[in-house]
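> Residue numbers (my numbering): 19 to 246.
1) If you drop the 5 nearest sequence neighbours on each side, which residues of the same chain put their C-beta closer than 6 Å to that of residue 179?
2) Would you mind reading off the limits of the beta strand (DSSP E) that contains residue 108?
3) Between the C-alpha atoms of residue 181 and residue 155, what's the straight-line distance to the nearest angstrom?
4) Would you tell me roughly how many angstroms separate the C-alpha atoms of residue 248 and residue 91, rounded to the nearest one?
5) Expressed to the nearest angstrom, what Euclidean distance is found between the alpha-carbon atoms of residue 130 and residue 111?
6) Near residue 238, what residues of its chain come up, given a Cβ to Cβ distance below 6 Å and the 5 sequence neighbours on each side ignored?
7) Could you spell out where the alpha helix (DSSP H) holding residue 232 opens and where it closes?
8) Quick one: give me the first and last residue of the beta strand (DSSP E) that residue 222 is part of.
9) Pick helix, strand or coil for residue 186, following the three-state DSSP scheme.
10) From what residue to what residue does the beta strand (DSSP E) around residue 78 run?
11) Within its chain, find whatever has a CB closer than 6 Å to the CB of residue 212; leave out the 5 residues flanking it on each side and keep chain order.
12) Are residue 106 and residue 81 closer than 9 Å when you measure CB to CB?
13) For the pair the segment 70-79 and the segment 139-158, tell me if three or more CB-CB distances fall below 8 Å.
14) Pick helix, strand or coil for residue 256, following the three-state DSSP scheme.
15) Can you check which of these residues, 183, 173, 171, 97, is closest to residue 201 by C-alpha distance?
16) Is the separation between the beta-carbon of residue 223 and that of residue 151 shorter than 9 Å?
17) Work out the CA separation of residue 124 and residue 49 for me, nearest whole Å.
18) Buried or exposed, going by whether 16 or more other CB atoms sit within 10 Å of the CB of residue 214?
19) Is residue 102 buried or exposed, if buried means 16 or more other CB atoms sit within 10 Å of its CB?
20) Residues in its own chain within less than 8 Å of residue 187 by CB, not counting five upstream and five downstream?
21) Taking only three categories from DSSP, how would you classify residue 169?
22) Exposed or buried, which one is residue 166 when buried takes at least 16 other CB atoms within 10 Å?
23) Terminal residues of the continuous beta strand (DSSP E) containing residue 91?
Put into structure tokens, the structure is as follows:
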């Protein structure tokens with residue numbers, strides 16, 4: 019707890035051994051090799067894994083028959099659970115974490131939904147032999163596979179200022195192609211998936227720190243406290 023309080027106060031990440039041990043428990047989303055554009059479900063060899071095989075099975079069934087689904091979904095950005103109607107376009111698996119990409123009827127646009135935040139999936143059973151929708155011919159999962167963890171369209175954008183240690187920049191620059199340089203080793207990043215961004219920052223340990231906004235610094239501090 020003392021280590022978490024220290025990080026909350028200055029966010030210079032002066033980790034003590036117990037804090038480093040806690041950070042290793044955080045699972046970060048990582049890139050995988052992009053699939054062919056026509057691939058609608060992406061997962062590595064070995065089939066369906068993780069904690070939500072039933073949800074994955076239901077969504078895959080809906081994908082195969084092009085049936086709409088209704089989901090109960092918890093949004094961290096609003097702290098609310100809403101019922102959403104979605105046309106599934108594709109599934110992505112990254113390091114055991116499943117993400118659904120689909121047309122959100124509520125937002126009237128493409129959105130990403132993390133399966134870990136779904137409490138229910140109901141496949142439309144009406145007219146089982148007829149599709150409810152068609153996937154646009156120009157849709158591809160490839161851009162979503164290439165996205166960084168914080169770029170998944172989960173919530174409204176939050177602009178975050180970060181500072182990266184110079185010795186890590188050559189390695190990390192390929193991940194910051196959409197970031198805006200604002201000074202020496204400093205970047206502004208548009209974050210639309212806060213949890214993915216927090217995991218990425220903490221994985222970098224002392225080689226990255228958040229300068230602004232305060233809400234993101236506080237979220238990092240809360241994450242650390244919850245691990246202790």
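C-beta: ideal position from N, C-alpha, C; glycine also.
Looking at the coordinates:
1) Locating residue 179 in the chain shown gives position 161, where the first residue counts as 1. Taking residue 179 as the centre and dropping the five residues before and after it, the same chain places the C-beta of 206, 229, 230 closer than 6 Å to its C-beta, in chain order.
2) For the purposes of this step, residue 108 is taken as residue 90 along the chain shown, with counting starting at 1. Note, residue 108: beta strand (DSSP E), 98-112.
3) Locating residue 181 in the chain shown gives position 163, where the first residue counts as 1. Locating residue 155 in the chain shown gives position 137, where the first residue counts as 1. The straight-line gap from Cα to Cα measures roughly 40 Å.
4) No statement about residue 248 is possible, as the shown extent of the chain runs from 19 to 246 and does not include it.
5) Taking the first residue of the chain shown as 1, we reach residue 130 at position 112. Taking the first residue of the chain shown as 1, we reach residue 111 at position 93. Approximately 12 Å, taken between the alpha carbons.
6) Here residue 238 corresponds to residue number 220 of the chain shown, with the count starting at 1. 216.
7) The residue you call residue 232 lines up with position 214 of the chain shown. From DSSP, the alpha helix (DSSP H) with residue 232 extends over 232-245.
8) Working through the chain shown from its first residue, we reach residue 222 at position 204. Unbroken run through residue 222: none, as it is neither H nor E.
9) Mapped onto the chain shown, residue 186 falls at position 168. If DSSP states are grouped into helix, strand and coil, residue 186 belongs with the helices.
10) Start at 1 with the first residue of the chain shown, and residue 78 comes out as number 60. Not the beta strand (DSSP E): residue 78 falls in the alpha helix (DSSP H), residues 71-83.
11) Indexing the chain shown from 1 puts residue 212 at position 194. Here the set comprises nothing.
12) Locating residue 106 in the chain shown gives position 88, counting from the first residue. Locating residue 81 in the chain shown gives position 63, counting from the first residue. Cβ distance < 9 Å, so residue 106 and residue 81 count as in contact.
13) Here the segment 70-79 makes contact with the segment 139-158; the two share three or more CB pairs at distances below 8 Å.
14) A question about residue 256 goes unanswered here, because the residues of the chain that appear run from 19 up to 246.
15) Looking up residue 201 in the chain shown gives position 183. Of the listed residues, the one whose Cα sits closest to residue 201 is 183.
16) On the chain shown, position 205 is the one that residue 223 refers to. On the chain shown, position 133 is the one that residue 151 refers to. No, these two residues do not count as a Cβ contact at 9 Å.
17) Mapped onto the chain shown, residue 49 falls at position 31. Mapped onto the chain shown, residue 124 falls at position 106. Low confidence applies to residue 49: its pLDDT is 37, below 50, so where it sits in the model is not reliable, and the reading given next is rough at best. If you take the alpha carbons of residue 49 and residue 124, they lie about 29 Å apart.
18) Here residue 214 is taken as the residue at index 196 of the chain shown, counted from 1. Classification of residue 214: buried, given that the 10 Å Cβ count is 16 or more.
19) Position 84 of the chain shown, counted from the first residue, corresponds to residue 102. With 16 or more Cβ atoms within 10 Å of its Cβ, residue 102 is classed as buried.
20) Residue mapping note: residue 187 aligns to position 169 of the chain shown, counting from 1. 203.
21) Start at 1 with the first residue of the chain shown, and residue 169 comes out as number 151. Looking at residue 169 - three-state DSSP - the assignment turns out to be helix.
22) Translated into the one-based positions of the chain shown, residue 166 becomes position 148. By the neighbour-count criterion, in which a residue is buried when 16 or more other Cβ atoms sit within 10 angstroms of its Cβ, residue 166 is buried.
23) Indexing the chain shown from 1 puts residue 91 at position 73. Start and end: 87-93.
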